[in-house]
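Peer 1:
Protein chains: 2
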Amino acid sequence: MATGRTHRPATRSRGIPEATVARLPLYLRALTALSERSVPTVSSEELAAAAGVNSAKLRKDFSYLGSYGTRGVGYDVEYLVYQISRELGLTQDWPVVIVGIGNLGAALANYGGFASRGFRVAALIDADPAMAGKPVAGIAVQHTDELEHIIESNGVSIGVIATPAGAAQQVCERLVAAGVTSILNFAPTVLTVPDGVDVRKVDLSIELQILAFHEQRKAGEEASENGAPADRAAALAAEAEAAVTGDRKGPDGDLPAVMPA
Amino acid sequence: MATGRTHRPATRSRGIPEATVARLPLYLRALTALSERSVPTVSSEELAAAAGVNSAKLRKDFSYLGSYGTRGVGYDVEYLVYQISRELGLTQDWPVVIVGIGNLGAALANYGGFASRGFRVAALIDADPAMAGKPVAGIAVQHTDELEHIIESNGVSIGVIATPAGAAQQVCERLVAAGVTSILNFAPTVLTVPDGVDVRKVDLSIELQILAFHEQRKAGEEASENGAPADRAAALAAEAEAAVTGDRKGPDGDLPAVMPA
DNA sequence: ATGTCTTTGTGAACGCGTGCACAAAGATGG
DNA sequence: CCATCTTTGTGCACGCGTTCACAAAGACAT
Numbered sequence: 000m001a002t003g004r005t006h007r008p009a010t011r012s013r014g015i016p017e018a019t020v021a022r023l024p025l026y027l028r029a030l031t032a033l034s035e036r037s038v039p040t041v042s043s044e045e046l047a048a049a050a051g052v053n054s055a056k057l058r059k060d061f062s063y064l065g066s067y068g069t070r071g072v073g074y075d076v077e078y079l080v081y082q083i084s085r086e087l088g089l090t091q092d093w094p095v096v097i098v099g100i101g102n103l104g105a106a107l108a109n110y111g112g113f114a115s116r117g118f119r120v121a122a123l124i125d126a127d128p129a130m131a132g133k134p135v136a137g138i139a140v141q142h143t144d145e146l147e148h149i150i151e152s153n154g155v156s157i158g159v160i161a162t163p164a165g166a167a168q169q170v171c172e173r174l175v176a177a178g179v180t181s182i183l184n185f186a187p188t189v190l191t192v193p194d195g196v197d198v199r200k201v202d203l204s205i206e207l208q209i210l211a212f213h214e215q216r217k218a219g220e221e222a223s224e225n226g227a228p229a230d231r232a233a234a235l236a237a238e239a240e241a242a243v244t245g246d247r248k249g250p251d252g253d254l255p256a257v258m259p260a
Numbered sequence: 000m001a002t003g004r005t006h007r008p009a010t011r012s013r014g015i016p017e018a019t020v021a022r023l024p025l026y027l028r029a030l031t032a033l034s035e036r037s038v039p040t041v042s043s044e045e046l047a048a049a050a051g052v053n054s055a056k057l058r059k060d061f062s063y064l065g066s067y068g069t070r071g072v073g074y075d076v077e078y079l080v081y082q083i084s085r086e087l088g089l090t091q092d093w094p095v096v097i098v099g100i101g102n103l104g105a106a107l108a109n110y111g112g113f114a115s116r117g118f119r120v121a122a123l124i125d126a127d128p129a130m131a132g133k134p135v136a137g138i139a140v141q142h143t144d145e146l147e148h149i150i151e152s153n154g155v156s157i158g159v160i161a162t163p164a165g166a167a168q169q170v171c172e173r174l175v176a177a178g179v180t181s182i183l184n185f186a187p188t189v190l191t192v193p194d195g196v197d198v199r200k201v202d203l204s205i206e207l208q209i210l211a212f213h214e215q216r217k218a219g220e221e222a223s224e225n226g227a228p229a230d231r232a233a234a235l236a237a238e239a240e241a242a243v244t245g246d247r248k249g250p251d252g253d254l255p256a257v258m259p260a
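Top to bottom, those sequences are chains D and P. Using numbering that gives the first Met the number 0, read the first sequence as starting at 0 and increasing by one per residue. Using numbering that gives the first Met the number 0, read the second sequence as starting at 0 and increasing by one per residue.
#1: Chain P partners of PRO187(D), CB-CB under 9 Å?
#2: By the criterion of Cβ-Cβ separation under 7 Å, what are the contact partners of THR162(D) in chain P?
#3: Rounded to the nearest angstrom, how far is the Cβ of ALA161(P) from that of LEU103(P), given a contact under 8 Å?
#4: Between ASP197(P) and chain D, is any beta-carbon pair separated by less than 8 Å?
#5: Suppose the cutoff is 7 Å on Cβ atoms and the five residues either side in sequence are ignored; what does the same chain contact list for GLU263(D) look like?
#6: In chain P, which residues lie less than 8 Å from PRO24(D) when you measure between Cβ atoms?
#7: Taking LYS217(P) as the reference, give the member of GLU86(D), ILE150(D), ARG116(D) and VAL80(D) with the closest Cα.
#8: Taking C-alpha atoms, which residue in ASP60(P), ILE15(P), ALA49(P) and VAL155(P) lies nearest to THR31(P)?
#9: Measuring alpha carbon to alpha carbon, tell me which residue in GLU172(P), VAL120(P), VAL155(P) and LEU27(P) is nearest PRO193(P).
#10: Residue ranges of each beta strand (DSSP E) run of no fewer than 3 residues wholly in the stretch 81–122 of chain D, ordered along the chain?
#11: List the whole-angstrom C-beta distance separating PRO16(D) from TYR74(D), where the pair is believed to meet the contact cut-off of C-beta under 8 Å.
#12: For ARG70(D), count neighbouring Cβ atoms within 10 angstroms of its own Cβ and tell me buried if that reaches 16, exposed if not.
#13: Anyone know if the C-beta pair for VAL96(D) and LEU33(D) falls short of 8 Å?
#14: PRO94(P): which of ALA108(P), GLY154(P) and SER181(P) sits nearest, CA to CA?
#15: Which of helix, strand or coil does DSSP assign to ALA139(P)?
#16: Give the straight-line distance between the Cα atoms of VAL198(D) and GLY178(D), rounded to the nearest whole angstrom.
#17: Compute the Euclidean distance between the alpha carbons of ALA18(D) and GLY14(P), then round it to the nearest angstrom.
#18: Hey, does THR19(P) have any beta-carbon neighbour from chain D nearer than 8 Å?
#19: Step through the CB atoms of chain P and report whether any lies within less than 8 Å of the CB of LEU107(D).
#20: Using a C-beta cutoff of 8 Å, does ALA50(P) count as contacting chain D?
#21: Taking beta-carbon pairs under 8 Å, can you tell me which members of the stretch 142–158 of chain D lie near chain P?
#22: Hey, does SER181(P) have any beta-carbon neighbour from chain D nearer than 8 Å?
#23: Can you check whether the C-beta of LYS217(P) is within less than 8 Å of a C-beta belonging to chain D?
#24: Would you say GLY178(D) lies against chain P (beta-carbon separation less than 8 Å)?
#25: Quick check on the DSSP output: the alpha helix (DSSP H) that includes TYR74(D) runs from which residue to which?
#26: Look up THR19(P) in the DSSP assignment and say whether it is helix, strand or coil.
#27: Helix, strand or coil: which one does DSSP assign to GLU238(D)?
#28: According to DSSP, simplified to helix, strand and coil, what is ALA233(D)?
#29: According to the Cβ coordinates, are VAL72(P) and THR40(P) closer than 8 Å?
#30: Which residues in chain P have a C-beta closer than 9 Å to the C-beta of PHE61(D)? List them in chain order.
#31: Which residues mark the beginning and the end of the beta strand (DSSP E) in which ASP197(D) is found?
#32: Tell me where the beta strand (DSSP E) around LEU183(P) begins and ends.
#33: What residue range does the beta strand (DSSP E) around VAL159(D) cover?
#34: Round the Cβ separation of GLY132(P) and VAL140(P) to the nearest angstrom and send it over; I've been treating them as touching at under 8 Å.
#35: Which residues of chain P have a Cβ atom closer than 8 Å to the Cβ of ASN53(D), listed in chain order?
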């Protein structure tokens, strides 16, 4: 190791695995908690436990950042907090705009987790003229017409979309055209963006559906056979077929064989 | 409940890969849109484009469910909607409880994406006595004291935690003890749960931090390193989440009025 | 100094997920 | 009934991420 660790080894700084990047905030949170308790150092084992990951994984993650630990001792908490913050870009201030001030948008505006880490809500934007000027989380909502102006004059590069699904793509395009290059999307839609623009998606209902899958599997593992969902399945199928021809439904809602043409 | 089930990769039985499960809701959403437009069939290429994935991946995903396509034609939209819904367990009704009715909890309660897919909000629960009885999204908030009773009498197996970070673990334990086996966690904490309980985490600030990382990389190609002050890191550390304590208070830092920080 | 003990950093093996490329299956037209 | 055309389903190879296991590095005691 210790291969002349210059400040931008193309081999490493370029190559922080995406999976590692996604865990850095987790480590940072755990470290911050330790820092507040004035814990000076922490071992990979302890920190891994606090972050809910494997200790070998944590060490490997940190190894991508450099050798910040001391063998036999562990990691210096404050130093690591700083290094991770810097790596994540949290040592600078990121102005963000939130578009779509409905229930979710308002909740996001009030969310302290944003402001506390170098993220500053530069503006709240909504398409409803009735919302304009109304204060949410201490910030006056502005109308969509001003979107471009807001982005440009504040140098905003990160946008949060909390609009209805139907408006998301259009809002996205306007954000990108105005200079936004990272988007956090809460609308249940697939956003299409040009190269160079990052999109991360948070979809509440998808998470629940994934849980439902596992829940169903747990339930079906003991009652190895379908207990009674046949009725509901049939009902859903019927409802679903309302649109189309709708005359090819399993006789009793059970697994119909592969449907013929 | 199944007896001694040593923990395994979780995707065993007829082994639908976890990555595939996570995409099924995406396909389902795209298919539902097609269904509403009365589109009878769709090719893997078209559907993949609508869902924002690779067509080969989509076909492979579907192959885990069975052979539901017709070569030379594509997939029957209605039939596929039914199959995926059934696979995800959406053909039955899932009562869920939301614990922590702050800004986010209220937004979740109002979120239509839950109710529209077999998920029914059975109860809203908050620790604040002042909230008790207050209607949110047409449902009267109930006090935490009734948590166990609500879970048991409604047969709730899925719980949503939208409390401050400090309360999350305790709430989690009570939910699990009362019979909940799947948890969607919005609080920025690592939840510890017994085997057999699934936890999915949604962390808003982590998503932003990941975006910031990429944003910094994009911006910092040439302005590689600036002498970032360590003061910033110290300030950040001090201000960061006081998650440990756990009650909603805090100046303006991580734990805002309502959201889990 | 030297030995012992703790913990890091990492080489290597393994498993999962992704995407290519193509043969098989079925529709369609003559 | 046969030929052609479209699209599925999947074998295969590759790369990423995870985990194990251990040598090296440093702290600490004697």
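Cβ atoms here follow ideal geometry from the backbone N, Cα and C, with glycine treated the same way.
Peer 2: Walking through what the data contain:
#1: By 1-based counting over the first sequence, the position of residue 187(D) is 188. Chain P residues near PRO187(D): ARG28 and GLY112.
#2: One-based indexing of the first sequence puts residue 162(D) at position 163. By Cβ distance, chain P contributes nothing, its closest Cβ being about 13 Å from THR162(D), past 7 Å.
#3: As a position in the second sequence, residue 161(P) is number 162, starting the count at 1. As a position in the second sequence, residue 103(P) is number 104, starting the count at 1. Going by Cβ atoms, the distance from ALA161(P) to LEU103(P) rounds to 5 Å, so yes, they are a contact pair.
#4: To locate residue 197(P), count along the second sequence from 1; it is residue 198. Yes, because at least one Cβ of chain D sits closer than 8 Å to the Cβ of ASP197(P).
#5: Since the first residue of chain D shown is 0 and the last is 260, residue 263(D) is not available in this structure.
#6: Counting from 1 along the first sequence, the entry for residue 24(D) is found at position 25. Annotation: Cβ neighbours of PRO24(D) in chain P (cutoff 8 Å, chain order): ASP202, SER204, ILE205, GLN208 and ILE209.
#7: Along the second sequence, one-based indexing puts residue 217(P) at 218. Considering only alpha carbons, the answer is GLU86(D).
#8: As a position in the second sequence, residue 31(P) is number 32, starting the count at 1. Ranking the options by Cα distance to THR31(P), first place goes to ALA49(P).
#9: Along the second sequence, one-based indexing puts residue 193(P) at 194. The shortest C-alpha separation from PRO193(P) is found at GLU172(P).
#10: DSSP runs (the beta strand (DSSP E)) wholly in the stretch 81–122 of chain D: 93–98.
#11: Start at 1 with the first residue of the first sequence, and residue 16(D) comes out as number 17. Start at 1 with the first residue of the first sequence, and residue 74(D) comes out as number 75. Not quite, the Cβ-Cβ distance comes to about 19 Å (not below 8 Å), so this is no contact.
#12: Start at 1 with the first residue of the first sequence, and residue 70(D) comes out as number 71. That one is exposed.
#13: As a working mapping, residue 96(D) is identified with position 97 in the first sequence. As a working mapping, residue 33(D) is identified with position 34 in the first sequence. Contact: no.
#14: Counted from its first residue, the second sequence places residue 94(P) at position 95. Nearest C-alpha to PRO94(P): GLY154(P).
#15: Taking the first residue of the second sequence as position 1, residue 139(P) is located at position 140. Strand, per DSSP.
#16: Along the first sequence, read from residue 1 onward, the residue named residue 198(D) stands at position 199. Along the first sequence, read from residue 1 onward, the residue named residue 178(D) stands at position 179. Looking at the two C-alpha atoms, the distance is approximately 14 Å.
#17: Your numbering for residue 18(D) matches position 19 in the first sequence. Your numbering for residue 14(P) matches position 15 in the second sequence. Going from the Cα of ALA18(D) to the Cα of GLY14(P) covers about 24 Å.
#18: In the second sequence, residue 19(P) corresponds to position 20, counting from 1. No, THR19(P) does not count as interfacial toward chain D.
#19: On the first sequence, residue 107(D) is found 108 positions in, with the first residue counted as 1. LEU107(D) counts as touching chain P.
#20: Locating residue 50(P) in the second sequence gives position 51, counting from the first residue. Output row for ALA50(P): interface = yes.
#21: SER156 and ILE157
#22: Working through the second sequence from its first residue, we reach residue 181(P) at position 182. Yes, because at least one Cβ of chain D sits closer than 8 Å to the Cβ of SER181(P).
#23: Locating residue 217(P) in the second sequence gives position 218, counting from the first residue. Answer yes: the Cβ-Cβ gap between LYS217(P) and chain D drops below 8 Å somewhere.
#24: As a first step, residue 178(D) is located in the first sequence; it is residue number 179 there, counting from the start. So no, GLY178(D) is outside the interface.
#25: Sequence index remark: in the first sequence, residue 74(D) carries index 75 (1-based). Premise fails: TYR74(D) lies in the beta strand (DSSP E), 73–75, not in any alpha helix (DSSP H).
#26: As a first step, residue 19(P) must be located in the second sequence, where it is residue number 20. Of the three classes helix, strand and coil, the one that applies to THR19(P) here is helix, per DSSP.
#27: Position 239 of the first sequence, counted from the first residue, corresponds to residue 238(D). Low confidence applies here, because GLU238(D) scores a pLDDT of 41, under 50, leaving its location unreliable and the question unanswered by this model.
#28: The residue given as residue 233(D) occupies position 234 in the first sequence. Only weak support is given to the placement of ALA233(D): the predicted model assigns it a pLDDT of 41, under 50, and the value that follows is read from those uncertain coordinates. Under the three-state reduction of DSSP output, ALA233(D) falls in the helix class.
#29: Here residue 72(P) is taken as the residue at index 73 of the second sequence, counted from 1. Here residue 40(P) is taken as the residue at index 41 of the second sequence, counted from 1. At the C-beta level, VAL72(P) and THR40(P) come within 8 Å of one another.
#30: If you number the first sequence from 1, residue 61(D) lands on position 62. By Cβ distance, chain P contributes nothing, its closest Cβ being about 15 Å from PHE61(D), past 9 Å.
#31: To locate residue 197(D), count along the first sequence from 1; it is residue 198. 197–200 is the span of the beta strand (DSSP E), which, as asked, contains ASP197(D).
#32: Translated into positions along the second sequence, residue 183(P) becomes position 184. Start and end: 181–184.
#33: By 1-based counting over the first sequence, the position of residue 159(D) is 160. Unbroken beta strand (DSSP E) run through VAL159(D): 157–160.
#34: The sequence position of residue 132(P) within the second sequence is 133, counting from 1. The sequence position of residue 140(P) within the second sequence is 141, counting from 1. About 7 Å; that satisfies the 8 Å criterion.
#35: By 1-based counting over the first sequence, the position of residue 53(D) is 54. Simply none; closest approach about 13 Å.
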